[in-house]
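Residue numbers (numbering that gives the first Met the number 0), protein chains in the order written: chain A, 0 to 314; chain B, 0 to 592; chain C, 0 to 234.
All C-beta atoms in this analysis are idealised placements derived from N, C-alpha and C, irrespective of residue type, glycine included.
Being a predicted model, the structure only gives us computed values, none of them experimental.
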Amino acid sequence: MLVEQILQTLVAGLSVGCIYGLLCVGLALIFGIMRVINFAQGDLMMLGMYLALFIATFVLPSTIFGLAAPFVAALVAGPLLFVAGYLLNKLLISRTTGLSVSGLSEGDAHQAQLILTLGVALVLQNGAHILLGSNPVSIVSPLSSTAWEIPLLYDDFSAVFLNKARTINAVICIALSAGLFWFIRNSRLGKSLRAAAVNPEAALYMGIDVARAHHIAFGLGTAIAGIAGGLLVIYYPVQPHVGVDFVIIMYAGVVLGGIGSTSGAFWGGMTIGLVQQMSTLVMPIQLQNTAIFIVFILVLLVRPQGLFGRVAERA
Amino acid sequence: MQDNRARLKTLLIVAAVFAAWLGVGLVVTNSYYRLVLTLVPIWAVLAISWNLLSGYSGLVSFGHAAFFGLGAFTLGLSIKFLDLTPWFGIPLATLVGAVAGAAIGYPSFRLRGTYFALSMLAYPLAFIAVFEWMGLQELAIPMKRDAPLWYAQFPDFRAYLVMALALLAVATVISLRVEGSRFGLSLLAIKQNELAAEAAGIDTFRWKMRAMVLSAALAATAGALYTMVVLVITPASVFGVVVSAQAMVLTLFGGAGTFWGPLIGSAILVPLSEFLNAELGHILPGIQGMVYGIAIIFVVLLAPEGIYWRLRDVLARRAGRRAAEAPIAAAAEPAPAQVADVLRPPIGPVILDVRGVSKTYGGLKAVQQVSFDVREGEIVGIIGPNGAGKTTLFNLLNGVVMPDEGTVTFADTAITGWKPSAICRAGIGRTFQVARAFTRLTVLQNVATGAFVAHADDAQAWAAARTMLDVVGLAGRADVLAGALTSRELRLLELARALAGKPRLLLLDEPLAGLGSTETQEMIALIRSLPARGVTVVIIEHTMHAMVSTVDRFVVLDHGALLTSGSPTEVTRDPRVIEAYLGRKWAGINAAA
Amino acid sequence: MLQLEALDVHYGGLQALSGISVSVETGSFIAVVGPNGAGKTTLFKAISGTVTPSAGRVMFEGQDLAALKAHERPHLGIAHVPEGRKVFSDMTVLENLEMGATCDAGRARWKDNLELIFAMFPRLAERREQLAGTLSGGEQQMVAIGRGLAASPKLLMLDEPSTGLSPGMTDVIFDSIARIHKQHGLTVLLVEQRVAEALEHCDRAYVLEAGKVSLSGSFQELSSDDRVRRAYLGM
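Here's what the structure looks like:
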């Protein structure tokens, strides 16, 4: 009985962890590469949730896409949010980051950037509130209430249940993360993004348009957050202020994984998912987020370079 | 004198605003507007508390709601379960806030910059979960009809307005006392550069802790008052991200690091958003947050440091234009006396003894086995080509970097392994390669940050700062903002600030960088006058030019090791020095020629 | 090819360069020497566009560069090997070289250039999969120069390639620079503190002192001029 419970919790942790992992990868692109503390990341995720909901409900004909509609909708939301993120950085955020701010001292420029993303977050949250109301909504899919049953071999009565929607989500998240790692590691554009992150000045001397590289990184980070949100909305209801709960999870995962490391961020998010779910075995369920915060603060204090990262080059 | 008059003027303006606010509050009958008028001072106190920590020290707190909420719940719980009067409950909340500030600050100050900010984000969110788990989803203050005054439950709502304004008055006085004081200036120094502050003798950890405790206590008090006014609180309403955001936004909108910032931000943004919420809230829910968001975006784009600083810059520029038209009398400073050399005291015993210090970074031997000594009253130049390890050596001397091996002895005391602030207080001062003046402060205030370290008494510190301005010839510019100085004046300011700490040994990091030839001569004369004031000098420079006529003795480094040392004439004729500077082949050519 | 006309640069209130005029002819090897803090790196940054001159012009092949942003200039054929090497430390040697070949000319000749770079610096071929941050200072300098060559540039600008290197390694680096110039006819603009090494191979040198050109001439002229020594040592 206990084994069954632990396994079931582990499965829940892994499936949540995959989504958190993808969310963290999105933030790592922005926070890790550009060193922008983006407060609005959770709200960009919220945008993805509404967008996917809208697309799945009104755009995709269910006769063609059937049960796949919610997942396709999440993926379609990605490119739209890429454009949004690219423009957001180009028109607003980049005015307060590194390259264009020379007159301000570093501390002041830092504060300006921080407060700007806070402003964007407030506008997105409350804009959504005004336009869409505050009732939580989610995509209705039969997949989110059915499960595959995996019998446990040691007796005939025990089994672990895999929620279908969550399992499909987890697979998509792993595939997307893997694809993104490949892109960052091996593609020419991915390498340029890394070069621009490691040493912007030298990247300029190579002829890399560093400002554009930052727009792309921000766009990608936004798209990833949006897709993860779109997948999440299949079983987690969206309301305008949903992002707040996730921002802390994302930062916790990124710091855990080591700032600047996209693969580390995935494992950081995964760890957060596992801690959150496994903590319910020993703690009241209301305190599962407290467990995350405790882990987060402990990691910051004991090992700020993260659990999975190399030694951070600048602390 | 002028300082006091300015302070009086500020007080009068603030008092007038308070009076006007109170007047409006007493007249207004609409109960919603009364609530808003009461909440504005409370949010202003929270913003002031945020400013005291984050605005001055630059350590951004994303989690001030933690303290606000603790204060709010302390008061609520103390009435509901302990039947305690708020007259005790409010001080209790203040105390809880202070303790929480210390408890959170102690571990968190090990973190810097982004990491600190992020860690602060977690605390209030953790509190929400804990309080909800404890079954405190909603806490209402019970009505005490039998003894309303004892429980501070006034039939006339205007009493709360008076209380809120009274708290704001207290916060304002605290804030005003911090601005430009030892406390405020130390925090600003930390904001500018924590390492440099530490090197200037400021015990950064202690000042940060003080700021945190004071700030948290104020925030908790504001929270307690908030509970009394709104009567019902939930964990989300007092610990929520919106509360932390509000503290930040109001301050940053008005201008961080100034007394005026939180007041301006609160006076404009809170009524504006509340008014819109009252008028349009029923058709456009969330309009309040929208206003905050849009206001922030515009401020960042148009006045990224906040409204106060932008206004002040505009006014300063206008004043500057007027001043430019008037003939400048202060420009002709008397050059420091050339007679300084005549007055030089004889060279004394060894004051600094460096024995076999080494420092390795990764595989790079930045400094290896360097030994030399400096005698009291000497002027010694440390020179060497780029990458020779000069700056690392300086960092080893004043404790910014710990040596892997070797010892540093200053005035017969082993100071190896001491903190920079302790070494500074022991009598080793330092200037930095890039002049780090506080552009927003006056010249005098800049120098005072250095003087506070050596003078326990504030009045003495200010007097010492003025004296040092006299010494370097900047007395006429004492009340000018440092941001308006020329590069020559900035160098002099830097020197005055270091001297104000009463060092026995002064480490100068490239004091001549960026100076023209006459300015260089002036600076050299000044440096040569220092031994007569009881200051021994060690200078780093890579241009040897000006140095040969400045120093008594050179210590030459190359590839992290001591190459040679000796008088300027000896050193410049030394083939090894020529090789290090001009290249091996050059030495060969000249030897052959 | 490159013409600097009365260039002034200000940093904050400081005048870093004043009235600099330097010309670099196609196929030549020009050196700018001078003590530290003379403004050599600032001069390079003004050419590359990471510092904006307050007066004067930078002309490349008859075109005024003022209108071009920093990241557009390498595409004209200007390769800047920055001071302190500035390799992409988290990336492999090969990836670093690949970044050097960002512009079209470099991409078109990528294979040939790579062979040439590896022939010149065999150590890089051995360590092509190693992270650049883990290399020694000399090897990192090879990466930085290789990155410049990978762009197939018309003009190669080298900023203090000898900084922090041992004398032996300095010789290796300078010999390879001389070889690049001689064998491939590449135009080279070198900024260097170590006068002798810089002057040995160059056609003409400028001595920069406190932001101004104080002397210029050939190796023979300058090496016998005691003013050069005084520029460095003060007496």
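Inspect the CB distances between the segment 78-87 of chain C and the segment 109-122 of chain C and report whether three or more fall short of 8 Å. no
If you compare alpha carbons, which of A:I92, A:V35, A:V58, A:L66 is closest to S144 of chain A? A:L66
Own chain partners of A464 of chain B with C-beta closer than 7 Å, once the 5 adjacent residues on each side are dropped: L443, V446, A447, A450, A499
Are three or more beta carbon pairs between the segment 239-248 of chain A and the segment 127-135 of chain A nearer than 8 Å? yes
Buried or exposed for Q4 of chain A, going by 16 or more other Cβ atoms inside 10 Å? exposed
So G256 of chain B packs on L187 of chain B, CB below 8 Å; how close in whole Å? 7 Å
Give every residue of the same chain whose Cβ lies closer than 6 Å to the Cβ of A474 of chain B, excluding the five residues on either side of it in the sequence, and list them in chain order. L468
Give, in chain order, every unbroken run of the alpha helix (DSSP H) that is at least 4 residues long and sits entirely within the segment 119-185 of chain B. Whole alpha helix (DSSP H) segments, 4+ residues: 157-177.
With C-beta atoms as the reference, is G77 of chain A less than 8 Å away from A264 of chain A? no
DSSP state of E521 of chain B, grouped into three classes? helix
Are there 16 or more other CB atoms within 10 angstroms of the CB of Y153 of chain A, so buried, or fewer, so exposed? exposed
Give a yes or no on whether the C-beta atoms belonging to S222 of chain C and E191 of chain C are separated by under 8 Å. no
Are the C-beta of A250 of chain A and some C-beta of chain B separated by less than 8 Å? In the sequence on display, residue 250 of chain A carries Tyr and not Ala. Answer yes: the Cβ-Cβ gap between Y250 of chain A and chain B drops below 8 Å somewhere.
Residues of chain B with CB closer than 9 Å to the CB of F182 of chain A, please, in chain order. Here the premise fails: no neighbours, minimum Cβ distance about 26 Å.
Given a threshold of 16 other Cβ atoms within 10 Å of its Cβ, counted over all protein chains shown, does I127 of chain B qualify as buried or as exposed? buried
Starting from the C-beta of R496 of chain B, find all residues in its chain whose C-beta is less than 7 Å away, skip the five residues before and the five after it, and write them out in chain order. N445, V446, T448, G449
If you check the beta carbons only, do A216 of chain A and L28 of chain A fall under 8 Å apart? In this structure, L28 of chain A lies closer than 8 Å to A216 of chain A by Cβ.
Mind listing which residues of the segment 347-361 of chain B have their C-beta closer than 7 Å to chain C's C-betas, in chain order? none
Please list the residues of the segment 292-312 of chain B that have a C-beta atom closer than 7 Å to any C-beta atom in chain A, keeping them in chain order. G292, I293, I295, I296, V299, L300, P303, E304
Determine, using beta carbons only, whether W42 of chain B and Q367 of chain B come nearer to each other than 8 Å. no
Which stretch, first to last residue, makes up the beta strand (DSSP E) that contains E148 of chain A? 146-150
What residue range does the beta strand (DSSP E) around T186 of chain C cover? 186-191
Taking 8 Å as the CB-CB limit, is R429 of chain B close to chain C? no
E569 of chain B classed as buried or exposed, judged by whether at least 16 other C-beta atoms fall within 10 angstroms: Within 10 angstroms of the beta-carbon of E569 of chain B lie fewer than 16 other beta-carbons, which makes it exposed.
Looking at the secondary structure, which residues open and close the beta strand (DSSP E) in which F67 of chain B lies? From DSSP, F67 of chain B is part of no beta strand (DSSP E) but of the alpha helix (DSSP H) over 64-79.
Below 7 Å on C-beta distance, what does G126 of chain A contact in chain B? M289, listed in chain order.
Which same chain residues, not among the five before or five after S53 of chain C, have their C-beta less than 8 Å away from its C-beta? Excluding positions up to five away in sequence, the list reads D7, V8, H9.
Run through DSSP, which three-state label would G428 of chain B get? strand
With distances taken Cα to Cα, identify the nearest neighbour of I189 of chain B among B:I12, B:L52, B:A462. B:L52
How would you list, in chain order, the residues of chain C whose beta-carbon sits under 8 Å from the beta-carbon of G206 of chain A? H70, E71, R72, P73, H74, T101, C102, A150
Using a Cβ cut-off of 7 Å, which residues of the segment 66-95 of chain A contact any Cβ in chain C, in chain order? none
Would you mind reading off the limits of the alpha helix (DSSP H) that contains N162 of chain A? Taken as a continuous stretch (DSSP letters only), N162 of chain A belongs to no alpha helix (DSSP H), being part of the beta strand (DSSP E) at 158-162.
Cβ of L103 of chain A within 8 Å of any chain B Cβ: Here L103 of chain A scores only 43 on pLDDT, less than 50, and its place in the model is too uncertain to base an answer on.
What separation, rounded to the nearest whole angstrom, lies between the Cα atoms of I176 of chain C and L185 of chain C? 10 Å
Proximity to A71 of chain B [Cα-Cα], best of B:A146, B:A158, B:N29, B:A235: B:A235
Contact with chain B by E196 of chain C, beta-carbon distance below 8 Å: yes
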